[in-house]
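Below: the structure, in C-alpha cells.
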Amino acid sequence: MRRTTTVASASAAVLCLGVLLTGCADAAGSGYAAVGAAGPSDGTAATKPAPPPGDVELTPLDGGGDGSGPSDRSGPPNSPGPAAPGPSPAPTGSSPSGAPTTSPPTTPPGPSAGTPAGHSDGDTPGSNPPSVPGGSPAPRPPSPTIPAGPGAPSGLVVGKPVLADTDVRWCQQITIAFLDTGDRPVTAGTVTFGSHVIGALGIDWATLESTRPLPLPLAPGTPATGRWRVCVDAWRVPWGMHLDTRDVTFKWK
49 MRRTTTVASA SAAVLCLGVL LTGCADAAGS GYAAVGAAGP SDGTAATKPA PPPGDVELTP
109 LDGGGDGSGP SDRSGPPNSP GPAAPGPSPA PTGSSPSGAP TTSPPTTPPG PSAGTPAGHS
169 DGDTPGSNPP SVPGGSPAPR PPSPTIPAGP GAPSGLVVGK PVLADTDVRW CQQITIAFLD
229 TGDRPVTAGT VTFGSHVIGA LGIDWATLES TRPLPLPLAP GTPATGRWRV CVDAWRVPWG
289 MHLDTRDVTF KWK
C-alpha cells in the first residue's frame, strides 16, 4: 500500500513540473513543448519530403526477382509505379478450387470404321471360313428303297413310297424320293400305282391302278421328289372303307 502511494505521488510531481515549464514563456501564446527532434537553426529545415540526390538502385531480395538484374527507376518519388500483375486466369474445367486438375487419359486408337475386325488391308486372309476341299459333299441316297424295276437307268435309287391321308377317303397322297447316282440324266419314265380298297374288317375288295408321269429329268447327283394325289371313284370307297396304295411299278422308255 505504501509503495503504491509513493508511485502516485511521483507521477503527480512530474505532471506539475511539466505544466510550470510550459507556462514560463516570455510571451502569450508562444509557449510550446518539444515533441520531436529539432531541425537546423539556419532556416533550412525541410517543410516537405525531398527526393534523395542521384539515382536510386533497387536490389531484389533473394528469390524474389526474375533474374533480369537491377533496374533504374527515374521520375519523381511520388509517381506511380508499375501496375501489379493481375490474377492469373483460372484453369478451365469443373474441378473445385484447390483440387489438382488432371487431363483425361489418352486411349490408343481403335480399328478404323472402314476395316472389319479380323481383316487387314494387305494379303492376310480374314475370318472367312475356308472352302471345303472337293466341293460340297455328295447327297445321301433315300432309305429305305424299293426296286426300280426292269430296264431302270444305271445308278437310279428309288425310295419307299410315303403314304398320307387326304381330306376325302377316296384319295391318298403319295411321296417318293429319287436320286440318280449315275453319270447320265433320266429323261423318260412313268409310275403306276395300285390302290387297294380295304373294308372295315380288313378285306381287300378291289385294286385300282393309275399311271402318272415322273418328275423328270432326274439329273445326276441331284435329289428329286415326286408327289402325287391318287384318287378313285368316290362310290368305290363307301363309309367305313379306305384306300391303301401298296403297289408301285415303273416303266422306263
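Numbering (this note's numbering), first residue to last: 49 to 301.
Glycine included, each C-beta is placed from N, C-alpha and C at the ideal position.
Source: prediction; values computed, not measured.
Rounded straight-line distance, which links the Cα of residue j to that of residue i
| i | j | result |
| --- | --- | --- |
| G250 | P187 | 40 angstroms |
| G197 | W283 | 33 angstroms |
| T193 | G269 | 17 angstroms |
| I222 | V280 | 14 angstroms |
| G288 | P233 | 44 angstroms |
| H290 | S184 | 44 angstroms |
| L211 | A236 | 24 angstroms |
| Q220 | D213 | 5 angstroms |
| W218 | S258 | 13 angstroms |
| L350 | F298 | Nothing in the structure corresponds to residue 350, since the chain is present only between 49 and 301. |
| G274 | P189 | 15 angstroms |
| S191 | K301 | 25 angstroms |
| V303 | D228 | Shown here, the chain extends from 49 to 301; a query on residue 303 therefore has no answer. |
| D120 | L106 | In this prediction, D120 scores a pLDDT of 47, lower than 50, which makes its location untrustworthy; no coordinate-derived value is stated. |
Counted within 10 angstroms of its Cβ, other Cβ atoms place residue i as buried (16 or more) or exposed
| i | result |
| --- | --- |
| L266 | buried |
| S243 | buried |
| V278 | buried |
| W253 | exposed |
| T293 | buried |
| D215 | exposed |
| G207 | buried |
| S127 | Unreliable positioning characterises S127 in this predicted model, as indicated by a pLDDT of 48, which lies under 50. A coordinate reading is not provided. |
| L109 | exposed |
Residue span of the beta strand (DSSP E) that contains residue i, given as start and end
| i | result |
| --- | --- |
| I246 | T238 to I246 |
| W253 | D252 to P261 |
| G299 | Contrary to the premise, residue 299 reads as Lys rather than Gly in this sequence. H290 to K299 is the extent of the beta strand (DSSP E) around K299. |
| R275 | P271 to C279 |
| L211 | V210 to D213 |
| T223 | C219 to D228 |
| G207 | L204 to G207 |
Proximity below 8 angstroms, CB of residue i to CB of residue j
| i | j | result |
| --- | --- | --- |
| P263 | A272 | yes |
| G230 | G203 | yes |
| I224 | P201 | no |
| D295 | F226 | no |
| V239 | V285 | no |
Short CB-CB distance (under 8 angstroms) between residue i and chain B
| i | result |
| --- | --- |
| F226 | Protein chains in the displayed structure number just one, and chain B is not present. |
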